[in-house]
Amino acid sequence: MTEFAARLERVAQNPEVFKSFGRGVERETLRYQQDGHLATTPHPSELGSAYANNWITTDFSESLLEFITPVSTDISTLTAQLEDIHHFTQTKLGEEKMWPLSMPCFVGDEDDINLAQYGSSNSGKMKTLYREGLKRRYGSLMQIISGVHFNFSFPETFWDQLFGEQSEQQRQDSKSEAYFGLIRNYYRFGWLIPYFFGASPALCSSFIQGRETTLPFEKIGGTLFLPNATSLRMSDLGYTNSAQSSLKIGFNSLDEYLDGLNTAIRTPSEEFAEIGVKVDGEYRQLNSNVLQIENELYAPIRPKRVAKSGEKPSEALARGGVEYIEVRSLDVNPYSSVGIDEDQVRFLDLFLAWAALTDSEPMDYCEQACWRENWNKVIAEGRKPGLELQIGCRGEVLSLQDWAKRVFVELVQIAELMDAANGSDEYQAVCFKLLSWIDNPELTISGQLLADTKQHGGLGKVGCVFGKQYRNQHLDHQYRVYSEQEMEQEVERSRIAQQQVEDADQLNFDEFLTDYFAYLKA
């Protein structure tokens, strides 16, 4: 029996494990106007405070909405929460709609992208200044690409089955070690996610105005595309940072990861120093280090822990170990009104369970470079028949299809146990559906979207067709988890919470920033 099979058998002795995975979603979407252009209006006041609303906030810009669900152990509850939040939001948008694609709608000028505003408190002003830094470092267009972040945790019963009885410290260490094993396997095989679910094979030509690219784009009207691309959102045109490519952040242990992260937030950048930090009395960025703060690290997956008040993400991890992981490589699914569907969630359940249960050797920087190359291949040409990938620096070279089928042999074993525990066949059905996509890349989401883009004569037209359809769907929706009263109560609570923070400030902004970044000098 393989180690994987032995671990799976141990976990499966308690079927409740397979009913209790914790899941939460953060979905980003741009507000846009009737004509398919970016909305330039402020974040609607009827949605409450973007600083403090637990469900509805903004990401980089005033026009980039972000919807957040609480943790749920039931998939249909998760999607119902998302539908309720979308419904409430759409009722407050007037004629504006929510853009259903990852790559932005038409943007005439970068100056149309207004930075998100969070009020007059020091912490609110810091959030906006962080975005000012991102704008000056990377440009605003890259920052309004939309994605879906999937937060995932195993229940305590999972660890009970895997590790048996342990002290509190032993359990904390074991969980962190196991989550980092998962993260290493995610880097090795997580390219399956852009292969299946990548939804950005094309982009509006306005997105690369004034930027040079060596990519061999083809054209449909004002749309540029790569014939076999899956997720341009994750390419060098999207979330990338050349300054970060030289960072040495390892994933072999929590200590190694935190050491790398803490070095990165303390490493000065010559390039960013040229921008200046405070020029003529106006701040341009939080500091001139490679990372202004930890959140600037672009990664397809992150180890996370819920932070206490005033605690930084790395401090939370150092205090209590890894509590959950955040999957960040999902494009917005244009075939779902809420940007993600239940089959995607089921696949992620299976894949993340597999990544935690299967062997995960330590990963050196040579192997990191190897997985990065695999991801880049799948992102730019993942639907090319026979595309070859190498797992590990001295590993085997096989086609994407062969690697995928190897993984699915074990995913199906997990699916059978998940279905037995849940009294259904839905996990196995997802496996068999996606298995058919392995040999027929045109069935993938990027394959479907590129076909629709060609049929409609451009990405903007496809976005407008789906956007109109989903606007009607959102408006017709009946609440399933929340109620209008609860949504309005959260709007009011968020306004009061923002006001309280603003009233409580005692330092001026300069003093606040000096205080906040004092740890960098430690």
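One rule links them: number in the numbering used here = place in the sequence shown (from 1) + 30. Here a beta-carbon is modelled for each residue, glycine too, at the ideal position from N, C-alpha and C.
Original post:
In the structure shown, what three-state DSSP assignment does M448 receive?
Top reply: helix
**OP:** Provide the residue(s) that pair with R61 in DSSP beta bridges, ordered along the chain.
**Re:** M128
Original post:
Are the segment 498 to 513 and the segment 100 to 114 touching by the rule of at least three beta carbon pairs closer than 8 Å?
Top reply: yes
**OP:** Quick one: which unbroken alpha helix (DSSP H) runs of 4-plus residues sit fully inside the segment 156 to 231? Chain order, please.
**Re:** 170 to 173, 186 to 193, 198 to 219 and 222 to 227
**OP:** Name the residue from G251, V137 and K122 whose alpha carbon lies nearest to the alpha carbon of H518.
**Re:** Reading off the sequence, residue 518 comes out as Glu, not His. Checking every option, the nearest Cα to that of E518 belongs to K122.
Subject >> Burial state of G124, where buried means 16 or more other Cβ atoms lie within 10 Å >> reply: exposed
Original post:
Is D535 near S79, with beta carbons less than 8 Å apart?
Top reply: no
**OP:** Can you check the segment 297 to 369 for any beta strand (DSSP E) of at least 3 residues that lies completely inside it and give the ranges in chain order?
**Re:** Here the runs fully enclosed are 331 to 334 and 354 to 361.
Original post:
Assuming S93 contacts L60 under a Cβ cut-off of 8 Å, what Cβ separation, rounded to an integer in Å, is found between them?
Top reply: 6 Å
Original post:
Applying the criterion that 16 or more other CB atoms from any shown protein chain within 10 Å of the CB defines a buried residue, is C396 buried or exposed?
Top reply: By the neighbour-count rule (16 or more Cβ atoms within 10 Å), C396 is not buried but exposed.
Original post:
If we count the other Cβ atoms within 10 Å of its Cβ and call it buried at 16 or more, is D310 buried or exposed?
Top reply: exposed
Subject >> Beta-bridge partners of N243, as assigned by DSSP >> reply: According to the sequence provided, residue 243 is Thr. The question's Asn does not apply to it. According to DSSP, T243 bridges with nothing at all.
Subject >> Helix, strand or coil at C423 [DSSP, three-state] >> reply: coil
Original post:
In whole angstroms, what separates the C-alpha of L419 from that of S206?
Top reply: In a straight line, the C-alpha of L419 is about 29 Å away from that of S206.
Original post:
Does the separation of the CB atoms of R332 and E353 fall below 8 Å?
Top reply: The Cβ atoms of R332 and E353 lie no closer than 8 Å to each other.
Original post:
Among E286, Y168 and Q200, which one has its Cα closest to the Cα of F558?
Top reply: The structure shown does not extend to residue 558, since the chain is modelled only from 31 through 552, so no value can be given for it.
Original post:
Fully enclosed by the segment 63 to 97, which beta strand (DSSP E) runs are 3 residues long or longer?
Top reply: 86 to 88
**OP:** Could you tell me which of I213, E39 and E33 sits nearest to E446, measuring between CA atoms?
**Re:** E39
**OP:** Could you tell me whether the Cβ atoms of E126 and Y62 are closer together than 8 Å?
**Re:** yes
Original post:
Can D315 and G177 be called in contact, C-beta distance under 8 Å?
Top reply: Correcting the residue identity first, residue 315 is Gln in this sequence and not Asp. No, these two residues do not count as a Cβ contact at 8 Å.
Original post:
According to the Cβ coordinates, are R57 and G369 closer than 8 Å?
Top reply: Yes. Within cutoff.
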